[in-house]
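S.K.:
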Amino acid sequence: MSRKDTAHGLLVSPIRNGTVIDHITAGEALNVLRILGITGSTNECLSIATNVESRRLGKKDIVKIENRELRKEEVDLIALLAPQARINIIREYGVVEKKGVEIPHVIKGVVRCPNPGCITNTNEPVESTFEVLDKGLHCLYCDWLIKDDIANHII
Amino acid sequence: MYHIISIRDFEREDLDYLLDRAEVFETGRYPPGLLKDRLVALLFFEPSTRTRMSFAAALARLGGQSINVDSVEASSIVKGETLADTIRVVSGYVDAIVLRHPKEGAARLAAEFSSVPVINAGDGAGQHPSQTLLDLYTIRKSMPLDGIDAGLLGDLRYGRTAHSLALALSLYGVTLHTIAPTGLEMPVNIAVELRERGVEVVEHASVEEAIRELDVLYVTRIQRERFPDTASYYNVASSYRITTQLLEGVRDHLMILHPLPRAGEIDPAVDRTPYARYFEQARNGVPVRMALLHEVMR
Numbered sequence: 417m418s419r420k421d422t423a424h425g426l427l428v429s430p431i432r433n434g435t436v437i438d439h440i441t442a443g444e445a446l447n448v449l450r451i452l453g454i455t456g457s458t459n460e461c462l463s464i465a466t467n468v469e470s471r472r473l474g475k476k477d478i479v480k481i482e483n484r485e486l487r488k489e490e491v492d493l494i495a496l497l498a499p500q501a502r503i504n505i506i507r508e509y510g511v512v513e514k515k516g517v518e519i520p521h522v523i524k525g526v527v528r529c530p531n532p533g534c535i536t537n538t539n540e541p542v543e544s545t546f547e548v549l550d551k552g553l554h555c556l557y558c559d560w561l562i563k564d565d566i567a568n569h570i571i
Numbered sequence: 191m192y193h194i195i196s197i198r199d200f201e202r203e204d205l206d207y208l209l210d211r212a213e214v215f216e217t218g219r220y221p222p223g224l225l226k227d228r229l230v231a232l233l234f235f236e237p238s239t240r241t242r243m244s245f246a247a248a249l250a251r252l253g254g255q256s257i258n259v260d261s262v263e264a265s266s267i268v269k270g271e272t273l274a275d276t277i278r279v280v281s282g283y284v285d286a287i288v289l290r291h292p293k294e295g296a297a298r299l300a301a302e303f304s305s306v307p308v309i310n311a312g313d314g315a316g317q318h319p320s321q322t323l324l325d326l327y328t329i330r331k332s333m334p335l336d337g338i339d340a341g342l343l344g345d346l347r348y349g350r351t352a353h354s355l356a357l358a359l360s361l362y363g364v365t366l367h368t369i370a371p372t373g374l375e376m377p378v379n380i381a382v383e384l385r386e387r388g389v390e391v392v393e394h395a396s397v398e399e400a401i402r403e404l405d406v407l408y409v410t411r412i413q414r415e416r417f418p419d420t421a422s423y424y425n426v427a428s429s430y431r432i433t434t435q436l437l438e439g440v441r442d443h444l445m446i447l448h449p450l451p452r453a454g455e456i457d458p459a460v461d462r463t464p465y466a467r468y469f470e471q472a473r474n475g476v477p478v479r480m481a482l483l484h485e486v487m488r
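These protein sequences, in sequence, are chains A and B.
The first sequence lines up with residues 417 to 571 when you count with this note's numbering.
The second sequence lines up with residues 191 to 488 when you count with this note's numbering.
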């Protein structure tokens, strides 16, 4: 077994049921987990591999979540950070569904508006809401535009 | 239900329609008591003189009545009530709400929770659509809006009136001339949006350089509260001033507008020239707001 194969075997062992998120932009795996609301205090059984060699991307991250099948809305949020990500739904060690990610038109409650004067940064009962444009994320309340560094604004 | 929240929500036809309606109300060609028995809440959670009084005057001229919140201190906000709850409660009392609030996006939020139409009367550094409409109305009374050279002078970074006016004028194929002190230039995202809308934006280093090319000069105040100390404020505030000397050689029909209040950026001697149109502009707030109030409650 080659060195690469050894590493692959150690890092990407199969799961019985759940979701494998492959081809995540290298370095974004932890941000993908934040977008999915997975933190140190939630119960998911996770495997994370970062900077894995990839023929397509050069380097990539992989996240495996056992016993959880991601919903379409969750999957699409991943596209904000990792537009080339591929989602594999696993049941009984087999891939039952493969899908890419599509950038949603509107995202709610995922990204905090950087404008301190925005009404969504108060105790009002509303979620931050952004329209996803080519040039960035446009706050539908205060018109602020997040042009880059989206990961830093994830709630 | 028809809310008036942001100038971004309007197409050119909407603006033209509202300006036409304002003209009807200004010329008195409308039946009396159009909004008789209609009650409007003027919720002003931020200081305002002209906007609040012109909405109240507009409503009174249409036969309607208003109820007020005079200050944040006199409202349940001091007890920790959210704006959403205030709006849900007040919209049960009235036929429309006019809202001024310090937070950007407040009017959008209010529209989500209100059971009656909401008119944005200014939300923080965000939007002030009724001001923009009266600015457009004032220009249109003197010249067609299409293809004019309009100058925006002053605090173009934080000045919501300048942002909204620029976006509205973008629907009329204008050339925009921007003149701002260092650090107070038009935000990049607004400038990009204007160019995407096909507007030619020309940046000038000084008002002297631009003024002879203009049909309209829109002057804004430098907001003292944006500066860390008085010295740095005066340093920027004194970087431009409209005087009668500056007006030598300008186009005959140049109109100087200002959303008011002014704080020294226009010499009072300019008031006596035919170019000064800012008091007429303020007066136009009444027919424009009559048009808006009638539109949302008719």
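Don't be surprised by glycine CBs; every beta carbon is placed ideally from N, CA and C.
The model shown is predicted, which means the values in this text are computed figures rather than measured ones.
R502/A by DSSP, collapsed to three states: which one?
M.R.: Taking the first residue of the first sequence as position 1, residue 502/A is located at position 86. In the structure shown, R502/A sits in a strand (DSSP, three-state: E or B).
S.K.: Exposed or buried, which one is K293/B when buried takes at least 16 other CB atoms within 10 Å?
M.R.: By one-based count along the second sequence, residue 293/B stands at place 103. It is buried - the Cβ of K293/B has at least 16 other Cβ atoms within 10 Å.
S.K.: Whole angstroms are fine: how far does the CA of K515/A sit from the CA of I503/A?
M.R.: Taking the first residue of the first sequence as 1, we reach residue 503/A at position 87. Taking the first residue of the first sequence as 1, we reach residue 515/A at position 99. Whole-angstrom Cα-Cα distance: 5 Å.
S.K.: Look at the Cβ atom of Y283/B, then the Cβ atom of A315/B, and state whether they are nearer than 7 Å.
M.R.: Within the second sequence, the letter at position 93 stands for residue 283/B. Within the second sequence, the letter at position 125 stands for residue 315/B. For Y283/B and A315/B, no; Cβs fall outside 7 Å.
S.K.: Exposed or buried, which one is I257/B when buried takes at least 16 other CB atoms within 10 Å?
M.R.: Counting from 1 along the second sequence, the entry for residue 257/B is found at position 67. When all chains shown are included, I257/B counts as exposed.
S.K.: If we ignore side chains and look at the alpha-carbon of each, how far apart do E213/B and I329/B end up?
M.R.: The residue given as residue 213/B occupies position 23 in the second sequence. The residue given as residue 329/B occupies position 139 in the second sequence. Annotation: E213/B to I329/B spans about 13 Å, alpha carbon to alpha carbon.
S.K.: To test your reading of the DSSP string, which unbroken beta strand (DSSP E) runs of 3 or more residues are found completely within the stretch 319-403 of chain B?
M.R.: 339-343, 365-369, 390-394
S.K.: Can you give the beta carbon distance from A286/B to L483/B, rounded, assuming they're within the 8 Å contact cut?
M.R.: The residue given as residue 286/B occupies position 96 in the second sequence. The residue given as residue 483/B occupies position 293 in the second sequence. Contact flag correct, Cβ pair sits at about 7 Å.
S.K.: Can you tell me where the alpha helix (DSSP H) holding L273/B begins and where it ends?
M.R.: By 1-based counting over the second sequence, the position of residue 273/B is 83. Segment 273-280, the alpha helix (DSSP H) holding L273/B.
S.K.: Look at the Cβ atom of L233/B, then the Cβ atom of L289/B, and state whether they are nearer than 7 Å.
M.R.: Within the second sequence, residue 233/B is the residue found at index 43, counting from 1. Within the second sequence, residue 289/B is the residue found at index 99, counting from 1. Yes, the Cβ-Cβ distance between L233/B and L289/B is below 7 Å.
S.K.: So, do the stretch 476-491 of chain A and the stretch 434-448 of chain A have three or more beta carbon pairs nearer to each other than 8 Å?
M.R.: Two segments are said to touch when three or more pairs of C-beta atoms, one from each, lie closer than 8 Å; by this definition the stretch 476-491 of chain A touches the stretch 434-448 of chain A.
S.K.: Is the CB-CB distance between L220/B and V486/B below 7 Å?
M.R.: Locating residue 220/B in the second sequence gives position 30, where the first residue counts as 1. Locating residue 486/B in the second sequence gives position 296, where the first residue counts as 1. Position check: residue 220/B holds Tyr in this sequence, whereas Leu was assumed. Between Y220/B and V486/B, the C-beta spacing is not below 7 Å.
S.K.: Any idea if D186/B is buried or exposed, counting beta-carbon neighbours within 10 angstroms, 16 or more meaning buried?
M.R.: In the structure displayed, chain B extends from 191 to 488; residue 186/B sits before or after that span and is not available.
S.K.: Applying the criterion that 16 or more other CB atoms from any shown protein chain within 10 Å of the CB defines a buried residue, is E203/B buried or exposed?
M.R.: In the second sequence, the residue the question calls residue 203/B occupies position 13. Exposed, by the Cβ-count rule.
S.K.: Let's see if you can read the secondary structure: which residues bound the alpha helix (DSSP H) around D492/A?
M.R.: For the purposes of this step, residue 492/A is taken as the residue at position 76 of the first sequence. Where D492/A is concerned, the enclosing alpha helix (DSSP H) starts and stops at 488-494.
S.K.: If R402/B sits next to G341/B, beta carbons under 8 Å apart, how far is it from one beta carbon to the other, in whole angstroms?
M.R.: Position 212 of the second sequence holds residue 402/B. Position 151 of the second sequence holds residue 341/B. Between G341/B and R402/B the Cβ distance is about 10 Å, and since that is not below 8 Å, they are no contact.
S.K.: May I ask which residues mark the beginning and end of the alpha helix (DSSP H) holding N425/B?
M.R.: Here residue 425/B corresponds to residue number 235 of the second sequence, with the count starting at 1. Where N425/B is concerned, the enclosing alpha helix (DSSP H) stretches over 420-427.
S.K.: Is the separation between the beta-carbon of I195/B and that of A358/B shorter than 7 Å?
M.R.: As a position in the second sequence, residue 195/B is number 5, starting the count at 1. As a position in the second sequence, residue 358/B is number 168, starting the count at 1. Here I195/B is not near A358/B, since their CB atoms are 7 Å or more apart.
S.K.: At which residues does the beta strand (DSSP E) containing G475/B begin and terminate?
M.R.: To locate residue 475/B, count along the second sequence from 1; it is residue 285. Run containing G475/B: none in the beta strand (DSSP E); it sits in the alpha helix (DSSP H), 475-487.
S.K.: Tell me whether F200/B sits in a helix, a strand or coil according to DSSP, three-state version.
M.R.: Translated into positions along the second sequence, residue 200/B becomes position 10. Coil.
S.K.: Rounding to the nearest angstrom, what Cα-Cα distance links T434/B and D461/B in this structure?
M.R.: One-based indexing of the second sequence puts residue 434/B at position 244. One-based indexing of the second sequence puts residue 461/B at position 271. Computed Cα separation, rounded: 9 Å.
S.K.: Determine the extent of the alpha helix (DSSP H) in which A296/B is found, giving its start and end residues.
M.R.: One-based indexing of the second sequence puts residue 296/B at position 106. For A296/B, the uninterrupted alpha helix (DSSP H) run begins and ends at 296-303, by DSSP.
S.K.: In whole angstroms, what separates the C-alpha of A465/A from that of F235/B?
M.R.: By one-based count along the first sequence, residue 465/A stands at place 49. By one-based count along the second sequence, residue 235/B stands at place 45. Spanning the two alpha carbons is a distance of roughly 52 Å.
S.K.: Do you know how far the Cα of A427/B is from the Cα of L450/B?
M.R.: For the purposes of this step, residue 450/B is identified with residue 260 of the second sequence, where counting begins at 1. For the purposes of this step, residue 427/B is identified with residue 237 of the second sequence, where counting begins at 1. About 15 Å.
S.K.: At least one CB of chain B closer than 7 Å to the CB of E540/A: is that the case?
M.R.: Numbered from 1 along the first sequence, position 124 holds the residue referred to as residue 540/A. Yes, contact with chain B.
S.K.: List the residues of chain B whose Cβ lies closer than 7 Å to the Cβ of C558/A, in chain order.
M.R.: Here residue 558/A is taken as the residue at index 142 of the first sequence, counted from 1. Chain B residues near C558/A: E294, G295, G316.
S.K.: Short of 7 Å in beta carbon distance, which residues of its chain neighbour G337/B, apart from the five on each side in sequence? Order them along the chain.
M.R.: As a first step, residue 337/B must be located in the second sequence, where it is residue number 147. Correct list, in chain order: G363, V364.
S.K.: Could you tell me the distance, in whole angstroms, from the CA atom of V527/A to the CA atom of T351/B?
M.R.: Stepping through the first sequence from its first residue, residue 527/A is reached at position 111. Stepping through the second sequence from its first residue, residue 351/B is reached at position 161. Their Cα atoms are separated by approximately 28 Å.
S.K.: CB D313/B to CB A297/B, shorter than 7 Å?
M.R.: The residue given as residue 313/B occupies position 123 in the second sequence. The residue given as residue 297/B occupies position 107 in the second sequence. Result yes, Cβ atoms of D313/B and A297/B sit closer than 7 Å.
S.K.: With a CB to CB cut of under 6 Å and the five nearest residues on each side skipped, what residues in its chain are close to F215/B?
M.R.: Counted from its first residue, the second sequence places residue 215/B at position 25. Counting only Cβ-Cβ distances below 6 Å, and skipping sequence neighbours, we find P477, M480, A481.
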